[in-house]
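Numbering (full-length UniProt numbering), first residue to last: 30 to 364.
Quick notes on the structure that follows.
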Amino acid sequence: SKRVAILTSGGDAPGMNACIRATIIACQKAGYTLLGYKHGYNGLLQQEYISLSLDSTHNLIQQGGTILHSARCKEFMHEEGLLKAAHNLKKARIDSLIVIGGDGSFKGAAKLSEHWDGQIIGIPGTIDNDIAGTDATIGYFTAIDTAMSSIDKVRDTADAFERIFLVEVMGRNAGFLALNAALSSAADYVIVPEFFSSAESEIEKLVSQINAQRTLKGPVSFIVVVAENVWPNGLAGLTDALQQRNLQDVRPVTLGHVQRGGSPVAQDRLLATTLGEAAIRLVGKDISNVMVGEVNQRPVTVPLSETWKNTKPLNEARVGAMRTLMNERYNQADN
Ligand code: F6P
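As structure tokens, then:
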């Protein structure tokens, strides 16, 4: 009978627990033993693991965070750490290792495979959705939802004072979360890395949009969704730039880590459950160093290296919709 181990690594994401739950039940059905390493790759280095059985599964599908805890493990990126991890996996007689995480975690897993001949299976889990080879990542849908409802609330106070609000949304170096949060909350403007050329040209466009609205309607609120890590000096830099253009009443809001928490929405639970079950199906098969993802609602396997070498583009239709609908209240089509 196979011995399977699972860990969650890097930024936690809502739905990771739902995925763990699916692997526990699927392993139980297949007669496999399942261990859970705690604190990401740190647990692998410290031999810190727990046994995961059916009594761990109650209510797990709806819990945010990860019961296995997570970490970004520097030691694991070095040869010495990798050798230690490989040694520990052999000692624990693990046949298959399942890693739920983002691209940093997948790079670590691929490196580990150079030192360990067991089976490695990745499952995409990050609110950023920045993993190629899968339409979505576990946690992404919940994070959109959280950002959307936060922006809805910001709008109430923005309208009351007819203020400009800058709302920073997570996503690391990708605009998936920002674009989809902006589109679903009918924000007036969005700034994402995929379309950012320079602060100078962007500020021109933004100021002219705000001024066009205000010329037409008088003082009105204006909500700008800004992806993190795009604007030089972040929201403070953008607030300054607007103030220099005589737009004084500006309030910056950083949504931050609230976007990582909360009970997963149905779409994340479904993705997490399907991928967890699909991963256990692969145990013992002659396939390794792959991610299990979903494309057009079907499970796919993709070599781990392709998940970070390729860049996943933003959905074109969503980009088009945002371009048309920005400022739709004022009939000002953006280009
Ligand atoms: O990758 C998930 C993420 O939340 C990113 O959106 C963000 O840039 C980063 O992690 C924040 O990292 P930390 O939790 O270490 O502050």
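Positions of the beta carbon are idealized from the N, C-alpha and C atoms, including for glycine.
Own chain partners of residue i with C-beta closer than 6 angstroms, once the 5 adjacent residues on each side are dropped
i	result
Gln98	According to the sequence as given, residue 98 is His; it is not Gln. Around His98: Lys67, His68.
Trp145	Ala115, Leu118
Leu271	Val279
Gly94	Asp41
Asn360	Only weak support exists for where Asn360 lies, its pLDDT of 49 falling under 50; the value from the coordinates is given anyway. Correct list: empty, nothing qualifies.
Leu81	Ile53, Leu63, Gly65
Cys102	Gly69, Tyr70, Asn71
Span separating the alpha-carbon of residue i from that of residue j
i	j	result
Ala241	Gly131	41 angstroms
Ser134	Ala34	15 angstroms
Leu264	Val319	38 angstroms
Ala187	Ser250	5 angstroms
Ala207	Met106	30 angstroms
Val329	Arg122	28 angstroms
Thr163	Val324	6 angstroms
Gln91	Gln273	47 angstroms
Arg352	Arg184	20 angstroms
Gly60	Ile54	10 angstroms
Asn153	Thr340	Note on identity: in this sequence residue 153 is Pro, with Asn being the wrong assignment. Roughly 15 angstroms separates the two Cα atoms.
Gly266	Ala216	20 angstroms
Ser258	Ser38	Sequence check: residue 258 is Asn here, not Ser. About 22 angstroms.
Asn364	Gly204	Unreliable placement is indicated for Asn364, whose pLDDT of 40 sits below 50; no coordinate value is reported for it.
residue 376	Lys120	This structure leaves residue 376 out entirely; the chain is present only between 30 and 364.
Glu108	Lys136	13 angstroms
Gly151	Ala350	33 angstroms
Leu304	Asp269	45 angstroms
Ile252	Lys182	11 angstroms
Glu335	Val321	12 angstroms
Leu235	Asn262	17 angstroms
Trp337	Thr155	13 angstroms
Phe170	Ile309	23 angstroms
Ala165	Val331	14 angstroms
Ala51	Trp260	40 angstroms
Cβ-based burial, residue i [other Cβ within 10 Å; buried from 16]
i	result
Asn202	exposed
Leu83	exposed
Leu245	exposed
Phe190	exposed
Ser237	exposed
Asp41	buried
Glu143	exposed
Ile49	buried
Arg298	buried
residue 368	This structure gives no information on residue 368, because the portion of the chain shown stretches from 30 to 364.
Glu214	The sequence shown places Ser at residue 214, rather than the Glu named in the question. Label assigned to Ser214: buried.
Asn46	buried
Gly168	buried
Ala295	exposed
Gly285	exposed
Glu231	buried
Gly200	buried
Close beta carbons around residue i, own chain, < 7 angstroms, minus the five adjacent residues each side
i	result
Ala210	Ile173, Ala176, Met177, Ile180, Val198, Val254
Gly110	Leu74, Glu104
Gly147	Leu118, Ile123, Asp124, Ser125, Leu126
Ala362	With a pLDDT of 43 at Ala362, under the threshold of 50, the modelled position of that residue is not reliable, and the figure given next carries that caveat. Taken in chain order, the residues that qualify are Thr353.
Lys31	Tyr61, Asp124, Ser125, Val312, Gly313
Leu333	Phe135, Ala138, Ala139, Gly151, Asn318, Val319, Met320
Residue i - partner residues in DSSP beta bridges
i	result
Met320	Gly151, Val331
Leu64	Ala34, Ser80
Ala256	Val198
Val279	Ile193
Leu126	Ala34, Ile149
Ile180	Partner(s): none; Ile180 has no beta bridge.
Phe251	Ile193
Val219	Val254
Ile167	Gly154
Checklist entry - Does the pairing of the segment 213-230 with the segment 314-321 give three or more beta-carbon distances under 8 angstroms? => result no
Next on the checklist: Quick test of the definition: if touching needs 3 or more C-beta pairs under 8 angstroms, does the segment 269-287 touch the segment 194-207?
Outcome noted: yes
Next on the checklist: Check whether the segment 70-84 and the segment 113-127 are in contact - that is, three or more C-beta pairs closer than 8 angstroms.
Outcome noted: yes
Checklist entry - Are there three or more Cβ pairs, one per stretch, closer than 8 angstroms when the segment 286-293 is compared with the segment 216-223? => result no
Checklist entry - Can at least three beta-carbon pairs, one atom from the segment 84-92 and one from the segment 343-354, be found at a separation below 8 angstroms? => result no
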